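Peer 1: Questions regarding the structure given below will be posed in turn.
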Amino acid sequence: MFEKEKEQYLKEHGFEEMHLKAVLFDMDGVLFDSMPNHAYAWSHSMTQFGLKMTPEEAYMHEGRTGNGTINILTQRYWGRDATPEEMDEIYRAKADVFNQCAEPPQMPGAADILNKVKKSGCTPVLVTGSGQLSLLDRLNKNFPNIFTKDKMVTSFDVKFGKPNPEPYLMGLEKAQIRPWEGFVVENAPLGVEAGSRANIFTIAVNTGPLPDQVLWDAGANLLFPSVQALCDNWEELLKTFS
Ligand code: CA
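Mapped onto our numbering, the consecutive letters of the sequence shown carry residue numbers 20 to 261.
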């Protein structure tokens, strides 16, 4: 299984073979079912600044850094970028609402796939645009002994954020692998685009409200309807891509 997808990827990128050594996981919408909270927080915290974001738009921007998203709004409603002080204030307001939301649950299948990846000798790496400290803490509580600090890329590390390939290029560096030695697991169009532009085989898991086609169009090499489905296919993937 998945031979066709592998061949297509190799041909597209001019690589000879894949040797899977690491899996680069996005966090929101992949490991935690946290996107509804993010969409709520964005849509409820912007009006006090004269800005507006619908929950639907929040899903479209998923994966961008907070600052990148804020500048899109201030450009639209203020006609200019936010100053660093304004960015801090606006992002803090969003984070405050987010932190008041009920704790987002683990995505079904997330703990299982992380443990399977680790057990098979691959390195799990976290690559997120999030700077939510509370969520990073939860990560280690929910998935103990999976991620080490030197195998995490967060909004504190990156300058551009998704859809720029930078976060995933940094993920490759932290995993000490080359593009054909890893998978990216992503749920959002901008994240899929970032993984694909980093020349990594990118697996989309469609855990949100967007149609599959949006993720294919962003460059997904393979698509599963859930993280659980990815988990169920891990052994097959390993067989084909090792
Ligand atoms: Ca995501």
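Glycine is no exception: its CB is placed at the ideal position from the N, C-alpha and C atoms. Note that the structure is a prediction, hence the values are computed from the model and not measured.
Considering residue 22, what are the terminal residues of the alpha helix (DSSP H) in which it resides?
Peer 2: Taken as a continuous stretch (DSSP letters only), the alpha helix (DSSP H) holding residue 22 covers 22-32.
Peer 1: Who are residue 272's beta bridge partners in DSSP?
Peer 2: There is no way to answer for residue 272, as the model of the chain reaches only from 20 to 261.
Peer 1: Answer with yes or no whether the minimum CB distance from residue 38 to chain B is below 8 Å.
Peer 2: Among the protein chains of the structure shown there is no chain B, as only one such chain exists.
Peer 1: Is the beta carbon of residue 83 sitting closer than 8 Å to the one on residue 178?
Peer 2: In this structure, residue 83 lies away from residue 178, with their beta-carbon atoms at least 8 Å apart.
Peer 1: Within the structure, which residues are defined as neighbours of ligand 1 by a Cβ-heavy atom distance below 5 Å, reported in chain order?
Peer 2: 45, 47, 48, 206, 207
Peer 1: Quickly, what does DSSP pair residue 125 with across the bridge? List them, please.
Peer 2: 51
Peer 1: For residue 153, does the count of other Cβ atoms within 10 angstroms reach 16, so buried, or fall short, so exposed?
Peer 2: exposed
Peer 1: Rounded to the nearest angstrom, how far is the Cβ of residue 56 from that of residue 127, given a contact under 8 Å?
Peer 2: About 17 Å; that fails the 8 Å criterion.
Peer 1: Cα separation between residue 162 and residue 46?
Peer 2: 12 Å
Peer 1: Return yes when the Cβ of residue 172 is within less than 8 Å of the Cβ of residue 145, no when it is not.
Peer 2: In terms of Cβ geometry, residue 145 and residue 172 form a close pair [threshold 8 Å].
Peer 1: Helix, strand or coil for residue 13, going by three-state DSSP, please let me know.
Peer 2: Past the boundaries of the shown model lies residue 13; the chain is included only from 20 to 261, so the question cannot be answered.
Peer 1: Using the rule of at least 16 other Cβ atoms within 10 Å of the residue's Cβ for burial, across every protein chain shown, is residue 48 buried or exposed?
Peer 2: buried
Peer 1: Quick one: grab the DSSP three-state call for residue 221.
Peer 2: strand
Peer 1: Taking the alpha carbon of residue 58 as the reference point, which residue from 74, 200, 23, 50 has its own alpha carbon closest?
Peer 2: 74
Peer 1: Is DSSP giving residue 239 helix, strand or coil here?
Peer 2: The three-state secondary structure of residue 239, taken from DSSP, is coil.
Peer 1: What did DSSP end up calling residue 210 once you bin it into helix, strand or coil?
Peer 2: helix
Peer 1: Where in the segment 52-116 do unbroken runs of the alpha helix (DSSP H), each at least 4 residues long, occur, reported from the N-terminal end onward?
Peer 2: 54-64, 74-80, 85-97
Peer 1: So who's on the other strand from residue 205, going by DSSP bridges?
Peer 2: 223
Peer 1: Taking the beta carbon of residue 223 as the centre, do at least 16 other beta carbons fall within 10 Å, making it buried, or is it exposed?
Peer 2: Residue 223 should be labelled buried.
Peer 1: Residues bridged to residue 44 by DSSP?
Peer 2: 145, 204
Peer 1: What whole-angstrom Cβ distance do residue 60 and residue 120 have, given they're in contact under 8 Å?
Peer 2: 7 Å
Peer 1: Buried or exposed, going by whether 16 or more other CB atoms sit within 10 Å of the CB of residue 261?
Peer 2: Residue 261 comes out exposed.
Peer 1: Whose C-alpha, out of 240, 104, 30, 62, is nearest the C-alpha of residue 213?
Peer 2: 240
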